[in-house]
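Residue numbers (the UniProt record's numbering): 1 to 436.
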């Protein structure tokens, strides 16, 4: 309508309005916009840190007792406030910059609108526009510049355009490229018959200068029940993650096999008991008999009878009718989950990484004894710092300082009078003394 009255005026006003609109959107949701600050790596770390502090201080975990006993309320509140201020300060600065930038855009827009109205007034003054045409031009100019100022619809479109563009790029077919040439010796391979082996393996943690394992050779034969023992800090958990393929060696070769694993820091799922067990292999269409068999294998067959709804009881007090378990009961649930996975796929190996910290030495030995009895003919790796619990293993590997110090059967290691014999007798003396 502006162009119908003054041929160049509509194009000029629209060009300026579109530029202003895009500038406002870029200040808000562009790559350097205020709303995009929350997605930066540093801001994401601050947000995660604040969430962790809030979860520890106010979550359903066991920190409440220590917070009250040690008077840690001010510590957690202070840390949380500090992290949240660090998180919010850049966004506040960014939004203030947007307000200032928006003021400049509106100022330029006001000057442009005054220029358009001045041109229309001049055209009307010299007789080229009548009163009706002048009114039409003023309304048209207001509408054009209203688009430039933006509104909530424009902000919604701008916010939606970025994720839409990201999804579009994700779905765009990748350019064809020649297949990569496999290396001659892959650092991580899959064993065909359930065996596990590490050959010349060296592993160093990121940002560390000294390897935690260096030149290590270890073979777990198919069907063997192997125990790995060592004192705290012997790098047993690092070795487990190499055996399961979670870590890739920096040097050497790791040949792994599908495994059911129980870690020290196993997960406590806030789900019914049945689902906590079946998560060992969700693809396996097991029955309640399979679930009970897994519980029986770890001396927890009576656990469903202790819960109000048996296998259907949610293992979380956050749900109606839910129950929490003791530390020892949770550990048996984690073990049963791994046994369920082992029964679902006979090719799997079972790797148990010291998950029995809440059990005393005798209870731990009983659990391991049952595992040894129920897994005959299957590959089993037991990791423990309690030497007396693994004496029935086919072979015992003693880890010390990230290296294999000794290996052999229990009787063989005891007769050699080395580290294993010395630590075994020391722990046995402590248990005997406690019994008195």
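Every residue gets a Cβ at the ideal spot worked out from N, C-alpha and C, and that includes glycine.
| Query | Result |
| --- | --- |
| For residue 66 and residue 53, the rounded distance between their alpha carbons | 14 Å |
| C-alpha gap between residue 338 and residue 49, whole angstroms | 32 Å |
| Residue 188 versus residue 20: straight-line alpha-carbon distance, rounded | Any reading at residue 188 needs caution, since the residue's pLDDT is 49, under 50, leaving its predicted position unreliable; the model's value is listed next. Near 55 Å, if we compare the C-alpha coordinates of residue 20 and residue 188. |
| Straight-line Cα distance separating residue 160 from residue 352 | 47 Å |
| 8 Å Cβ cutoff met for residue 307 and residue 301 | no |
| C-beta contact flag for residue 238 and residue 264 at 8 Å | no |
| Residues near residue 419 by beta carbon distance below 8 Å, same chain, minus five either side | 398, 400, 405 and 406 |
| 8 Å Cβ shell around residue 140 - same chain, five flanking residues per side excluded | 1, 2 and 10 |
| Residues of its chain near residue 45, where Cβ-Cβ distance is below 8 Å and the 5 sequence neighbours each way are ignored | none |
| The stretch 369-382 touching the stretch 224-231, judged by at least three CB pairs closer than 8 Å | yes |
| DSSP-derived helix/strand/coil call for residue 75 | helix |
| DSSP bridge partner residues for residue 225 (one or two, in chain order) | 380 |
| Neighbour-count burial assignment, residue 280, 16 or more Cβ in a 10 Å radius | buried |
| Neighbour flag for residue 55 against chain C, beta carbons, 8 Å | Checking the listed chains, one finds no chain C in this structure; it contains a single protein chain. |
| Residue 120 burial status per 10 Å Cβ neighbour count (16 or more: buried) | buried |
| Closest by C-alpha distance to residue 426, when choosing among 411, 409 and 385 | 385 |
| Secondary structure, alpha helix (DSSP H): runs of 4+ residues fully inside the stretch 297-365 | 327-344 |
| Cβ neighbour criterion (16 or more within 10 Å) applied to residue 365 | buried |
| Inter-residue Cα distance where the pair is residue 389 and residue 368 | 7 Å |
| Span separating the alpha-carbon of residue 70 from that of residue 64 | 10 Å |
| Three CB pairs or more closer than 8 Å across the stretch 248-262 and the stretch 194-212 | yes |
| Proximity winner among 220, 75, 216 and 132, relative to residue 251 (alpha-carbon distances) | 216 |
| CB contact flag (residue 413, residue 396, <8 Å) | yes |
| Strand pairing of residue 198, partner residues [DSSP] | 218 and 254 |
| Collapsed DSSP secondary structure at residue 267 in the structure displayed | coil |
| Neighbourhood of residue 214 by C-beta distance below 6 Å, restricted to the same chain and skipping five residues each side | 202 |
| Cβ neighbours of residue 271 in the same chain (closer than 7 Å, five flanking residues each side left out) | 314 and 315 |
| Residue 45 - DSSP class collapsed to helix/strand/coil | helix |
| Among 247, 113 and 326, nearest to residue 205 - alpha-carbon criterion | 247 |
| CB of residue 450 within 8 Å of CB of residue 123, strictly | With the chain running from 1 to 436 in the structure shown, residue 450 is simply not present. |
| Buried versus exposed, by CB contacts within 10 Å (16 or more), residue 343 | buried |
| Rounded separation between residue 240 and residue 321 - CA only | 37 Å |
| Reduced DSSP category for residue 11 - H, G, I as helix; E, B as strand; rest coil | helix |
| Between the CA atoms of residue 277 and residue 41 - distance to the nearest angstrom | 36 Å |
| Selected residue, minimal CA-CA separation from residue 304, among 274, 80 and 287 | 274 |
| Start and end residues, alpha helix (DSSP H) containing residue 273 | 273-278 |
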